[in-house]
Amino acid sequence: MIRNARLPDGSRHDIEIKDGRIAALRPPTASEPGVLLLPPLVDGHIHLDKTLLGLPWVPNQAAGNTVADRIAAERKVRSARTVSEIETGANLVKQVVASGTLHMRSHVDIDSQLGLKNLEAVLAIRERFRDLVSIQIAAFPQSGIARSPGTAGLLDEAIAQGADLVGGLDPVGIDGDLDGHLDAIFGIAGKRGGGIDVHLHDGGEGGIAQMLAIAERTRATGLRGKVAISHAFALGSVPTDLAARTADTLADAGIAIMSHGPGAGTIPPLLLLRAHGVEVFGGSDNIRDAWSPFGNGDMLERAMLIGYRANFRHDHELALAFEMVTAAAARVLDLADYGIRVGGPADFVAVEAGTLAEAVAARPRRKWVMKAGRIVARDGVLT
Ligand SMILES: [Zn+2]
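Numbering (the numbering used here), first residue to last: 135 to 517.
Following this line, the structure appears as structure tokens:
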């Protein structure tokens, strides 16, 4: 029994737990305010194979400021690695679980140089932590498909070996072949039955044109509700009426948009997207890797960063930032067993905060994290 808990809607209950699930929500037996219980945090976009967490500090080595510069810098960092991706990825999983994340979607680099090596590492991590956290894997062509021959076959093989969906990367800006890129990833998703999550950094009207092409393919292949576009900077860099029309097309195709609250580049207009019926969700993206020195995997902090970048101030806006790292991300990841309800899993994150909005703004210490009725972390440390 968890006594005198407050839920995000402000209601107070004693929560009865049986066999790892919520058996009943009863009237509270105490009158003091009690701890605020959040549903588990969901990281909709992380890169477990890229992180260097736990290693001595590795300075960023990108020669310039483009996506291509960063891809080249990562190759250098990777070739100098002495510790396996399994170890650094495990460091990150432990850190994110301790901060209350119990579900995530990890993109995993696949190209002709790497083959399926990083996939094998993340599959091993998934197996090792399977009782603690669910990890969905997107087979991600970090070096492109057209410009990295053999990658399309590797992506297909990755799904056969346990990846859940196929990724994509700037079909025009990096790969220079819109139709070829989309043929490959939609072909694999159609054949294997998984979804798609495309990194799209390309901005302006060129980026919008790629979104419309993705929406067209999504409708044509019957993948409605199974496709996401990550970053989608273009939506924040075009006039509002074009963003609104694009939002209608995305909503119609059931395409979700992921934002991590980018420090540079433009953030998609989250409130507008939501008003037009587009699912928006959040993720950490890069954490202490060759791409970014920042990040810690704390999704409450991520909700704050998203809100900060989106210029959110009102409680209903902070509630959207929170939903992006909880229920909305859970819907995109198609998590069937999620949320605080009678019969649902006894998964909770306990924080000291008066309201949900305060929890986003203050990102308080996690007092404890519960998974299936068992305390798995206290005060930010795995038990
Ligand atoms: Zn990413």
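Every residue gets a Cβ at the ideal spot worked out from N, C-alpha and C, and that includes glycine.
Give the DSSP bridge partners of Phe482, in chain order.
-> Met504
Compare the C-alpha of Ala224 against each of Ser246, Ile279 and Ala258 and name the closest.
-> When only C-alpha atoms are compared, the closest one is Ala258.
Should His448 go down as buried or exposed, given a rule of 16 or more other Cβ atoms within 10 Å for buried?
-> exposed
Drop a sphere of 10 angstroms on the beta-carbon of Gln270, count the other beta-carbons inside from all chains shown, and report buried for 16 or more, exposed for fewer.
-> buried
Under 8 Å between C-beta atoms of Thr380 and Ile342 | yes
Leu407 versus Gly416, Ile391 and Gly340, residue with shortest Cα-Cα distance = Ile391
Using the C-alpha atoms, what's the distance from Ala462 back to Gly370?
-> 20 Å
Using 8 Å as the threshold, is the region 349-366 in touch with the region 324-337, meaning 3 or more CB pairs across them?
-> yes
Give the C-beta separation of Ser218 and Ala272 to the nearest angstrom, bearing in mind that I take them to be a contact with Cβ-Cβ under 8 Å.
-> Not confirmed; about 21 Å, so no contact.
Can you name the start and end residues of the beta strand (DSSP E) that Arg155 belongs to?
-> Arg155 to Arg160
Is it the case that the CB of Asp419 approaches a heavy atom of ligand 1 more closely than 7 Å?
-> yes
Between the Cα of Gly388 and those of Val412, Gly395, Gly431 and Leu405, spot the shortest distance and give me the residue it belongs to.
-> Val412
Any heavy atom of ligand 1 closer than 7 Å to the CB of His241?
-> yes
From the DSSP output, in three-state form, read off Met238 for me.
-> strand
On the premise that Asp148 lies in contact with Arg140, defined as a C-beta separation below 8 Å, what is that separation, rounded to the nearest angstrom?
-> Actually they do not touch by this definition, with Cβ atoms about 11 Å apart.
Look at the alpha carbon of His410 and the alpha carbon of Pro402, and state the distance between them as a whole number of angstroms.
-> 13 Å
For Lys228, which three-state DSSP category applies?
-> helix
Is His333 near ligand 1, in the sense that its beta carbon is under 7 Å from a heavy atom of that ligand?
-> yes
Assigned secondary structure, Gly359 (DSSP; H/G/I helix, E/B strand, else coil) = coil
How would you call Trp425, buried or exposed, if buried means at least 16 neighbouring beta carbons within 10 angstroms?
-> buried
Do Leu289 and Ile244 have their C-beta atoms closer together than 8 Å?
-> yes
Sub-8 Å separation of Thr285 and Ser240 beta-carbons = no
Note down, in chain order, each residue of its chain lying with its Cβ closer than 7 Å to the Cβ of Ala292, except the 5 sequence neighbours on either side.
-> Ile244, Leu250, Leu253 and Ala273
Which of helix, strand or coil DSSP assigns to Ile271 | strand
Nearest residue (CA-CA) to Glu261, options Pro275, Met504, Gly296 and Thr200 | Gly296
Sorted by chain position, which residues of the same chain lie with C-beta nearer than 7 Å to Ala347's C-beta, five sequence neighbours on each side aside?
-> Leu312 and Leu316
Can you tell which of Arg508, Phe263 and Val483 has its C-alpha closest to the C-alpha of Pro498?
-> Val483
Tell me the start and end of each unbroken beta strand (DSSP E) in the region 174-208 that is at least 3 residues and wholly inside, in chain order.
-> 175-180
Trp502: which of Pro174, Gln344, Thr374 and His450 sits nearest, CA to CA?
-> Pro174
For His147, which three-state DSSP category applies?
-> strand
Where the alpha helix (DSSP H) through Arg497 begins and ends | Note, Arg497: premise wrong, no alpha helix (DSSP H); not H, not E.
Residues of its chain near Gly337, where Cβ-Cβ distance is below 6 Å and the 5 sequence neighbours each way are ignored = Phe367, Ala368 and Ser371
Please report the Cβ distance between Ala491 and Ala232, rounded to the nearest whole angstrom; I am assuming they are in contact, meaning their Cβ atoms lie under 8 Å.
-> Contact between Ala491 and Ala232 is ruled out by a C-beta separation of about 24 Å, above the 8 Å threshold.
Any non-hydrogen atom of ligand 1 within 7 Å of His179 CB = At least one heavy atom of ligand 1 lies closer than 7 Å to the C-beta of His179.
Mind checking whether the beta-carbon of Ser282 lies closer than 7 Å to any heavy atom of ligand 1?
-> It does not: the Cβ of Ser282 is nowhere closer than 7 Å to a heavy atom of ligand 1.
Would you say the beta carbon of Ser218 comes nearer than 7 Å to a heavy atom of ligand 1?
-> no
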